[in-house]
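Student: Numbering (the working numbering), first residue to last: 80 to 344.
Even for Gly, the Cβ is constructed at its ideal location relative to N, Cα and C.
Bear in mind that the values here come from a model prediction, so they are computed numbers and not experimental data.
One structure coming up, written as structure tokens, with questions to follow.
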Ligand code: NDP
């Protein structure tokens, strides 16, 4: 019997997750279906319950339901607990297990696809929202020399830095003005076509500038390129976080390279 999976969000029509999971299923011979479900803004829990009652085996969760999923899950993986948000749910006899694969997806994209080793590196993380919080622990696991969180609202960056300790500090955008090896844009500025007020001095000859946004060139990537940095968008992260979810559900790791190449084409 075909096992059912889905992604819940609002909006959701733009989601590439059904395409990605269909490609993984074809590649690995797994008998699954994967659909996109538009949950009402005040009705995520009900939509999810209906999906489980209809035999759903697992789900991905995207904006704006990741924090609600965190609250609904009966059990949480340690990385979901630290992220304070859930993007992957598994349903079994013991109830709902919440996990967060965003950070693992980012680290896999950086280290495997972009060959950017993180050990001993200076990392600047822009933003202190859900996406930023979800990637801090997996980044720290790679043992960078420094992790600075810069945010428009400095207090939120300070709060996050305090939560993680271990060599993490907070900064205002303008106050970060020395070169970093890796600058990750986890703000929602790119969604609005905006550029945070960054100093060009954060980019050196060997800097990789990474925007979690994907699907279009962004002012951040243009600014970084203009100051000599190499650049990458978040498409690889999207596919890698999906691969991690697929592995949790099916116990099989798909090959992500042809799926990323297919989406880019
Ligand atoms: P949130 O709404 O939780 O966080 C928004 C963050 O962006 C906050 O730090 C906010 O600062 C900052 N921000 C918003 N607008 C601006 C602006 N105009 N200038 C500077 N800073 C701004 O969003 P998420 O964390 O969920 O998502 C952030 C981005 O990451 C989105 O573009 C999303 O698409 C992308 N993403 C990509 C993924 C992938 O797989 N590639 C996975 C998850 C997210 P303040 O605190 O001051 O409000």
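Which of the three DSSP states is assigned to residue 304 in this structure?
Tutor: Helix at residue 304.
Student: Just confirm the distance between the C-beta atoms of residue 216 and residue 162, as a whole number of angstroms; I'd bet it's less than 8 Å.
Tutor: Contact flag correct, Cβ pair sits at about 7 Å.
Student: May I have the straight-line CA-CA distance separating residue 310 from residue 343, to the nearest angstrom?
Tutor: So the alpha carbons of these two residues sit roughly 15 Å apart.
Student: Any idea if residue 256 is buried or exposed, counting beta-carbon neighbours within 10 angstroms, 16 or more meaning buried?
Tutor: Answer is exposed; the Cβ neighbour count stays below 16.
Student: Would you please state the rounded distance, in angstroms, between the beta carbons of residue 204 and residue 227? I believe it to be under 8 Å.
Tutor: Yes, residue 204 and residue 227 are in contact; Cβ-Cβ is about 7 Å, under 8 Å.
Student: Secondary structure at residue 290, three-state DSSP: helix, strand or coil?
Tutor: Correct three-state label for residue 290: strand.
Student: Is any heavy atom of the ligand NDP found at a distance shorter than 7 Å from the C-beta of residue 178?
Tutor: No, Cβ of residue 178 sits at least 7 Å from all heavy atoms of the ligand NDP.
Student: Buried or exposed for residue 176, going by 16 or more other Cβ atoms inside 10 Å?
Tutor: Flag for residue 176 reads buried.
Student: Can you grab the Cα-Cα spacing for the pair residue 281 / residue 128, in whole Å?
Tutor: Rounded to the nearest angstrom, the two C-alpha atoms are 46 Å apart.
Student: Since residue 137 is in the beta strand (DSSP E), which residue starts that stretch and which ends it?
Tutor: Looking at the DSSP string, the run of the beta strand (DSSP E) that includes residue 137 is 135 to 140.
Student: From the DSSP output, which residues share a beta bridge with residue 228?
Tutor: 204 and 249.
Student: Kindly list the residues whose CB is nearer than 7 Å to the CB of residue 200, restricted to its own chain and excluding five residues on each side of it in sequence; keep chain order.
Tutor: The residues are 223, 224, 260 and 261.
Student: Let's see if you can read the secondary structure: which residues bound the beta strand (DSSP E) around residue 32?
Tutor: It is not possible to answer for residue 32, since the shown part of the chain is limited to 80 through 344.
Student: With a threshold of 8 Å, are at least 3 pairs of Cβ atoms found where one atom belongs to the segment 312 to 321 and the other to the segment 227 to 244?
Tutor: With a cut-off of 8 Å, the segment 227 to 244 and the segment 312 to 321 do not count as touching, because too few Cβ pairs lie within range.
Student: At a threshold of 7 Å, does residue 316 count as lining the ligand NDP (C-beta to nearest heavy atom)?
Tutor: Yes, the beta carbon of residue 316 sits closer than 7 Å to at least one heavy atom of the ligand NDP.
Student: Check whether the Cβ of residue 293 sits closer than 7 Å to any heavy atom of the ligand NDP, and report yes or no.
Tutor: It does: the Cβ of residue 293 is within 7 Å (strictly closer) of some heavy atom of the ligand NDP.
Student: Following a CB-centred definition, is residue 211 positioned closer than 7 Å to any heavy atom of the ligand NDP?
Tutor: At least one heavy atom of the ligand NDP is nearer than 7 Å to the Cβ of residue 211, so yes.
Student: Quick one, which of 331, 329 and 283 has its alpha-carbon nearest residue 308's?
Tutor: Measuring from the Cα of residue 308, the nearest candidate turns out to be 283.
Student: Does the ligand NDP have even one heavy atom less than 7 Å from the beta-carbon of residue 296?
Tutor: No, the ligand NDP has no heavy atom inside 7 Å of this Cβ.
Student: Note down, in chain order, each residue of its chain lying with its Cβ closer than 6 Å to the Cβ of residue 253, except the 5 sequence neighbours on either side.
Tutor: 276, listed in sequence order.
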